[in-house]
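Colleague:
2 protein chains.
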Amino acid sequence: MWIPLDRDSAVPLYRQIQQFLRQQIQSGALPTETRLPASRKLATSLGVNRITVSNAYAELEAEGLVYSRRGSGTFIAPPLAALPESKGDRISTSDWPLWQQELLSRTWLPAQRELDQLLESISHPDLISFSGGMGDSELFPADDFRKALQVVLRRDGTEALGYGDWAGYPPLRAKIAHVLTSQGIPTHPDHVLITSGSQQALALVAQLLLRPGDMVLVESPTYTGAVDLFRSLDVRLLGVPLDEQGMRVEQVEDALRSGRPRLIYTIPTFHNPSGTCMNGHRRRQLVALADRYNVPILEDDFVGDLRYEGRAQPALKALDPGGQVIYISTFSKMLMPGLRVGFLVASGPVYERLLACKRVTDLAASNLMQRALEAYITVGRYQAHLRRACQMYRRRRDAMLDALRRYLPAGVRHLSPQGGLFIWLQLPAKLSANELYLIAAEEGVTFAPGSLFFPAERTQPYLRLNFAMHPPDVIEEGIQRLGRAVERLMAHQESEAVSASRQKTVVV
Amino acid sequence: MWIPLDRDSAVPLYRQIQQFLRQQIQSGALPTETRLPASRKLATSLGVNRITVSNAYAELEAEGLVYSRRGSGTFIAPPLAALPESKGDRISTSDWPLWQQELLSRTWLPAQRELDQLLESISHPDLISFSGGMGDSELFPADDFRKALQVVLRRDGTEALGYGDWAGYPPLRAKIAHVLTSQGIPTHPDHVLITSGSQQALALVAQLLLRPGDMVLVESPTYTGAVDLFRSLDVRLLGVPLDEQGMRVEQVEDALRSGRPRLIYTIPTFHNPSGTCMNGHRRRQLVALADRYNVPILEDDFVGDLRYEGRAQPALKALDPGGQVIYISTFSKMLMPGLRVGFLVASGPVYERLLACKRVTDLAASNLMQRALEAYITVGRYQAHLRRACQMYRRRRDAMLDALRRYLPAGVRHLSPQGGLFIWLQLPAKLSANELYLIAAEEGVTFAPGSLFFPAERTQPYLRLNFAMHPPDVIEEGIQRLGRAVERLMAHQESEAVSASRQKTVVV
Chain A
3 MWIPLDRDSA VPLYRQIQQF LRQQIQSGAL PTETRLPASR KLATSLGVNR
53 ITVSNAYAEL EAEGLVYSRR GSGTFIAPPL AALPESKGDR ISTSDWPLWQ
103 QELLSRTWLP AQRELDQLLE SISHPDLISF SGGMGDSELF PADDFRKALQ
153 VVLRRDGTEA LGYGDWAGYP PLRAKIAHVL TSQGIPTHPD HVLITSGSQQ
203 ALALVAQLLL RPGDMVLVES PTYTGAVDLF RSLDVRLLGV PLDEQGMRVE
253 QVEDALRSGR PRLIYTIPTF HNPSGTCMNG HRRRQLVALA DRYNVPILED
303 DFVGDLRYEG RAQPALKALD PGGQVIYIST FSKMLMPGLR VGFLVASGPV
353 YERLLACKRV TDLAASNLMQ RALEAYITVG RYQAHLRRAC QMYRRRRDAM
403 LDALRRYLPA GVRHLSPQGG LFIWLQLPAK LSANELYLIA AEEGVTFAPG
453 SLFFPAERTQ PYLRLNFAMH PPDVIEEGIQ RLGRAVERLM AHQESEAVSA
503 SRQKTVVV
Chain B
3 MWIPLDRDSA VPLYRQIQQF LRQQIQSGAL PTETRLPASR KLATSLGVNR
53 ITVSNAYAEL EAEGLVYSRR GSGTFIAPPL AALPESKGDR ISTSDWPLWQ
103 QELLSRTWLP AQRELDQLLE SISHPDLISF SGGMGDSELF PADDFRKALQ
153 VVLRRDGTEA LGYGDWAGYP PLRAKIAHVL TSQGIPTHPD HVLITSGSQQ
203 ALALVAQLLL RPGDMVLVES PTYTGAVDLF RSLDVRLLGV PLDEQGMRVE
253 QVEDALRSGR PRLIYTIPTF HNPSGTCMNG HRRRQLVALA DRYNVPILED
303 DFVGDLRYEG RAQPALKALD PGGQVIYIST FSKMLMPGLR VGFLVASGPV
353 YERLLACKRV TDLAASNLMQ RALEAYITVG RYQAHLRRAC QMYRRRRDAM
403 LDALRRYLPA GVRHLSPQGG LFIWLQLPAK LSANELYLIA AEEGVTFAPG
453 SLFFPAERTQ PYLRLNFAMH PPDVIEEGIQ RLGRAVERLM AHQESEAVSA
503 SRQKTVVV
């Protein structure tokens, strides 16, 4: 099979292959049940990487145009029934039922989605992304986890495939309680609730405690997934600014008095997106204030274990006078996101209500995944994995800090985190990270623009860089590109300022 | 180690072992880091099954009293930090923060939970349970699924452990779309959203479309998990009665006119709990009514593939005039609940909003589980598994129907389902299924009492039996016990009626 490829095009090769085959299928040139060439063979004949062809086939499969039969190959699928709403011929909004049209005005779409769409629009052949929210996938312990799954399925058989305990697999809860207790957070297994990642823990707490119109006190900036969640529940956000020591707690009492929030949501350790760590004094103050004003605290400890230097601060939960703090964490960042295993720790009547929410939301977390995780942690591999990750990420953080000092123009400021995944950058006044985003994409580098993280949408001079996803040489190359992008943006702004002042002169 | 066991006690042996060891640990007789005997060895010396000892150890581990080190054995754990709220010395409600005390009055606990608690209180040594909501766990394809996981982790490596596509693994969505299309529900992969079981699909739709105080039209009785979910959202329920042909659709138009519901939730095929199947005429009527009154339909097809006889009716989604019906289904009943993989199918603007809800709720379904499921389905094993399940469950249904005719007193009526998992029983007038529950537990059999399934709580003469979980001989034994329980309840009621009439005579 011969497929014309344009190697100078901005369209990736796999897309070109996909588009060519799609056209051939839709025109009938490749009839139903035709077998496509093996990906290895086609790759050789086109002179491309095999992954390129595999990606093209996978995309076609996702479109429903081809299907694969293991051991036999990839075949043209029978045509789908004609659908009025298929991508080809989109019908107009007014053809949908009225209740669907009403949704368009009444509901909201997540901010994260905009970032995805921006990313999809970039066609740089060799893009370096600092925009992600997780660790390096190369570090995921795929092989050890595969073995743990084997052990569990051989040992527990069909029992591992049933619903299991609603609150989570008891031995896993016991293990989490032990780990937390050893870290200074006294925890009983009956107070641990396993969730589908910490995002679900967050959602359960929000669904239980908040009603439309309620106010939530958050750091400003804060985690995009929380902002999106609160917006989806029609909850108002009250942002407290940060400095290098975390949330400026001295502003919290005023907010508690005036805004009467129903919840304080905070990421005290290696904050997302700023990377800052709240100091011990502020932690104690915050817990005391919450207690005095009868407001629950939701403590999000999503990467607390990734500390590269400095002394650990006590978790807010460890300072809890009794039932005031709900603590959430996850294995997504430290191990792998695909587990979808996180947890919350809560004591008092709220625990049973959160369990009830979990049950109506999706019954229970995957029993098999919990058992495999428990087996994996038992043998001490988790601790070894954590040490390895910390060493690697510290080197990468240092490499990025070093590159930032070397390649970014004066006037760009950054915070130096003691742990976690992120470095927070501030551009010189009047430069917008959203504008920089497009120029940086042309240079071949992306980041998470600051506007994603602020409760109120507006142009922001901030951006978040993830330093954990690439080795030092790639980090250096990426930061060099970012430096070029910032310089281009500055030059552009200066020339605009000049022409604006000229115009002004003429007018005056 | 010698442990005194009372084989005549109602307390199961593993509980006795657990209680003995707990006492030894708490008294200090077994100090920290002591190694417990290997389960096989202890089992031999006590003359019990090894599973009994393993269960006792697992319970102790869940309590945090012991921990296991693979290859080395089970050890006494260091004591947990003293917790004010640990089970031993429960503190009073008034010691919790005020916001927690308020939760007690304001929020609700699921009805399902009461059933669990009832079940836990039963100490019959050889209980036969017809109360569950799923198929026989012996049928779960543990070994094939283990192989599919191996294949996926070897093939995809760390990619299988990342977040993956927010809407679900594209090849799995394509496969689901193909299966549905072949069953007469034309589906595009872009309209399939993978969820954490169908319970989550239900929750996403409810969270998006409903606000506190809204009305939902449901069958009465209906699925307990839906009743609980709607109650958790402060949504009111409007029940439409059923007969042998499913929901009595002729009553729906009045309800639509007077109640103005925001959603119609229905289980048209092998309804839970009644097992009935809505006839084709009513299906068409219902879809037409929903269209005319601008109300979305949520069609729950949780066991549609388990048909043992008769002709399949079209899904409501197949009759959808365009965007009116949201269809949900699951692999929990047909394959195994521990997957936590279900899906919804929706077209129009509502799809993207549901995807946004999914994202704020828990980001995405487990990538690894989706890939393994996709690999499992590919090789045609799913279809073979389904055929085997249908054959086995049909025999079990017939065995239960036969036993019901033989062992239950006249006056107990039942419906004969053409598929699914459940048989619905009606007791003679004035007998309460809740009262029967306690007597039946003494006889050694349980069921799901009807009150769980009705939107309004009240004493119900109905009960649901699951016929799929046990082989025919166990079913026969269980129904014999149920027959005895019903007779005891009838005799008890008659004697009460007699003494009541005597008292009446005396008083008058």
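Chains A and B are the protein sequences, given in the same order. Residues in the first sequence are numbered from 3 upward in steps of one, following the working numbering. Residues in the second sequence are numbered from 3 upward in steps of one, following the working numbering. Glycine included, C-beta positions come from ideal geometry on N, C-alpha and C.
Return helix, strand or coil for B:Ser-96, following the three-state DSSP convention.
Modeller: Locating residue 96 of chain B in the second sequence gives position 94, where the first residue counts as 1. Here B:Ser-96 sits in helix by DSSP.
Colleague: What are the partner residues of A:Tyr-69, as DSSP defines its beta bridges?
Modeller: Counting from one through the first sequence, the residue named residue 69 of chain A turns up at place 67. In the DSSP output, where bridge partners are listed per residue, A:Tyr-69 has A:Phe-77.
Colleague: Per DSSP, A:Gln-428 is paired with what?
Modeller: Reading the first sequence from its first residue, position 426 is the one you call residue 428 of chain A. According to DSSP, A:Gln-428 bridges with A:Arg-415 and A:Tyr-464.
Colleague: Can a CB atom of chain A be found closer than 8 Å to the CB of B:Glu-444?
Modeller: Sequence index remark: in the second sequence, residue 444 of chain B carries index 442 (1-based). False, the Cβ-Cβ gap to chain A never drops below 8 Å.
Colleague: Could one say the Cβ of A:Ser-368 lies closer than 8 Å to chain B's Cβ atoms, at least one of them?
Modeller: For this step, residue 368 of chain A is matched to residue 366 along the first sequence. True, the Cβ-Cβ gap to chain B drops below 8 Å.
Colleague: So for A:Arg-238, helix, strand or coil by DSSP?
Modeller: The count along the first sequence starts at 1 and reaches residue 238 of chain A at position 236. Strand, per DSSP.
Colleague: Could you please give me the residues that DSSP links to A:Ala-58 through a beta bridge?
Modeller: Numbered from 1 along the first sequence, position 56 holds the residue referred to as residue 58 of chain A. Paired residue(s): none; A:Ala-58 is not in a bridge.
Colleague: When Cβ atoms are compared, which residues of the region 37-60 of chain B fall closer than 7 Å to chain A?
Modeller: Flagged, chain order: Ala-60.
Colleague: What's the C-alpha gap between A:Glu-479 and A:Leu-210?
Modeller: The count along the first sequence starts at 1 and reaches residue 479 of chain A at position 477. The count along the first sequence starts at 1 and reaches residue 210 of chain A at position 208. In a straight line, the C-alpha of A:Glu-479 is about 46 Å away from that of A:Leu-210.
Colleague: Can you confirm whether A:Thr-142, when its beta carbon is compared against all beta carbons of chain B, has any partner nearer than 8 Å?
Modeller: Your numbering for residue 142 of chain A matches position 140 in the first sequence. Note on residue identity: the sequence assigns Phe, not Thr, to residue 142 of chain A. So yes, A:Phe-142 belongs to the interface.
Colleague: Cβ closer than 8 Å: which chain B residues qualify as neighbours of A:Arg-71?
Modeller: In the first sequence, the residue the question calls residue 71 of chain A occupies position 69. Neighbours of A:Arg-71 on chain B, chain order: Thr-380.
Colleague: Would you please verify whether the beta carbon of B:Gln-227 is less than 8 Å from any beta carbon of chain A?
Modeller: As a position in the second sequence, residue 227 of chain B is number 225, starting the count at 1. Here the sequence assigns Gly to residue 227 of chain B, which means Gln is not the residue at that position. For B:Gly-227, the answer is yes, since a Cβ of chain A falls inside 8 Å of its Cβ.
Colleague: From B:Arg-156 to A:Tyr-378, what distance separates their C-alpha atoms?
Modeller: For the purposes of this step, residue 156 of chain B is taken as residue 154 along the second sequence, with counting starting at 1. For the purposes of this step, residue 378 of chain A is taken as residue 376 along the first sequence, with counting starting at 1. Distance between the alpha carbons of B:Arg-156 and A:Tyr-378: 18 Å.
Colleague: How many whole angstroms separate the CB atoms of B:Leu-423 and B:Val-488, which I take to be in contact at a CB cut-off of 8 Å?
Modeller: Mapped onto the second sequence, residue 423 of chain B falls at position 421. Mapped onto the second sequence, residue 488 of chain B falls at position 486. Rounded, the Cβ-Cβ distance is 22 Å, inconsistent with contact.
Colleague: Cβ closer than 8 Å: which chain D residues qualify as neighbours of B:Met-371?
Modeller: In summary, chain D is missing from the structure at hand, where the protein chains are A and B.
Colleague: What do you reckon, are the CB atoms on B:Pro-463 and B:Ala-431 nearer than 8 Å?
Modeller: Within the second sequence, the letter at position 461 stands for residue 463 of chain B. Within the second sequence, the letter at position 429 stands for residue 431 of chain B. Yes, Cβ-Cβ distance for B:Pro-463 and B:Ala-431 is below 8 Å.
Colleague: Taking 8 Å as the threshold (C-beta atoms), are B:Ala-144 and A:Gly-159 in contact?
Modeller: For the purposes of this step, residue 159 of chain A is identified with residue 157 of the first sequence, where counting begins at 1. For the purposes of this step, residue 144 of chain B is identified with residue 142 of the second sequence, where counting begins at 1. In this structure, B:Ala-144 lies closer than 8 Å to A:Gly-159 by Cβ.
Colleague: Hey, is the region 339-358 of chain B in contact with the region 218-227 of chain B, meaning 3+ C-beta pairs nearer than 8 Å?
Modeller: The answer is no - the region 218-227 of chain B does not touch the region 339-358 of chain B, with fewer than three Cβ pairs under 8 Å.
Colleague: What residue from A:Leu-440, A:Leu-484 and A:Gly-137 has the CA that sits closest to A:Ser-123's CA?
Modeller: Reading the first sequence from its first residue, position 121 is the one you call residue 123 of chain A. That would be A:Leu-440, whose Cα lies nearest to the Cα of A:Ser-123.
Colleague: Check the Cβ of A:Leu-151 against every Cβ in chain B and list those closer than 7 Å, keeping chain order.
Modeller: Numbered from its first residue, the first sequence carries residue 151 of chain A at position 149. The answer, in chain order, is Leu-151.
Colleague: Nearest-angstrom Cα distance between A:Ala-84 and B:Pro-188?
Modeller: Counted from its first residue, the first sequence places residue 84 of chain A at position 82. Counted from its first residue, the second sequence places residue 188 of chain B at position 186. The predicted position of A:Ala-84 is uncertain, since its pLDDT is 39 and thus under 50; a value taken from the coordinates is nonetheless stated next. About 8 Å.
Colleague: Pairing CB atoms from the region 180-194 of chain B with CB atoms from the region 193-206 of chain A, are three or more of them under 8 Å?
Modeller: Not touching, per the Cβ criterion.
Colleague: What does B:Ala-450 pair with, by DSSP beta-bridge criteria?
Modeller: For the purposes of this step, residue 450 of chain B is identified with residue 448 of the second sequence, where counting begins at 1. Partner(s): B:Arg-466.
Colleague: If we require 4 or more residues per run, which alpha helix (DSSP H) segments fall completely within the region 216-281 of chain B?
Modeller: Within the region 216-281 of chain B, the complete alpha helix (DSSP H) runs of at least 4 residues are 226-234 and 254-261.
Colleague: With burial defined as no fewer than 16 other Cβ atoms inside 10 Å of the residue's Cβ, what is the status of B:Gly-518: buried or exposed?
Modeller: No information on residue 518 of chain B is available, as it lies outside the stretch 3 to 510 that chain B covers here.
Colleague: For B:Met-338, return the contacting residues in chain A, with the cut-off set at a CB-CB distance below 8 Å.
Modeller: For the purposes of this step, residue 338 of chain B is taken as the residue at position 336 of the second sequence. Going along chain A in sequence order, the residues near B:Met-338 (Cβ under 8 Å) are Thr-160, Leu-163 and Gly-164.
Colleague: Within the chosen definition, does the region 125-139 of chain B reach the region 24-40 of chain A through at least 3 CB pairs nearer than 8 Å?
Modeller: Flag = no, the region 125-139 of chain B and the region 24-40 of chain A do not touch.
Colleague: Only counting the same chain, and skipping five residues up and downstream in sequence, which positions put a Cβ closer than 6 Å to that of B:Asp-216?
Modeller: As a position in the second sequence, residue 216 of chain B is number 214, starting the count at 1. So the list reads Val-237 and Arg-264, once near-sequence residues are dropped.
Colleague: Since A:Gly-66 contacts B:His-180 with CB under 8 Å, what's their CB separation in whole angstroms?
Modeller: As a working note, residue 66 of chain A is residue 64 in the first sequence. As a working note, residue 180 of chain B is residue 178 in the second sequence. A:Gly-66 to B:His-180, Cβ: 7 Å. Contact.
Colleague: Once you ignore the five residues that flank A:Leu-491 on each side, which residues in its own chain have a CB closer than 7 Å to its CB?
Modeller: Locating residue 491 of chain A in the first sequence gives position 489, where the first residue counts as 1. Counting only Cβ-Cβ distances below 7 Å, and skipping sequence neighbours, we find Leu-433, Glu-437, Leu-438 and Ile-441.
Colleague: Answer with yes or no whether the minimum CB distance from B:Ala-79 to chain A is below 8 Å.
Modeller: If you number the second sequence from 1, residue 79 of chain B lands on position 77. So, interface residue.
Colleague: Just to confirm, are B:Tyr-16 and B:Ala-45 a CB contact at a threshold of 8 Å?
Modeller: Numbered from its first residue, the second sequence carries residue 16 of chain B at position 14. Numbered from its first residue, the second sequence carries residue 45 of chain B at position 43. Not closer than 8 Å, so no.
Colleague: What did DSSP end up calling B:Tyr-2 once you bin it into helix, strand or coil?
Modeller: Examination of residue 2 of chain B is not possible in this model, given that chain B is present from 3 through 510 alone.
Colleague: If you count every other CB in all the chains shown that lies within 10 Å of the CB of A:Pro-451, and 16 or more means buried, which is it?
Modeller: Translated into positions along the first sequence, residue 451 of chain A becomes position 449. Per the 10 Å Cβ criterion, buried.
Colleague: Could you work out which residue in A:Ile-481, A:Ala-314 and A:Leu-308 is closest to A:Leu-129 when comparing CA atoms only?
Modeller: The residue given as residue 129 of chain A occupies position 127 in the first sequence. Closest by alpha carbon: A:Ile-481.
Colleague: Would A:Leu-206 pass as a contact of A:Thr-363 if the rule is Cβ separation under 8 Å?
Modeller: As a working note, residue 206 of chain A is residue 204 in the first sequence. As a working note, residue 363 of chain A is residue 361 in the first sequence. A contact, by the Cβ cut-off of 8 Å.
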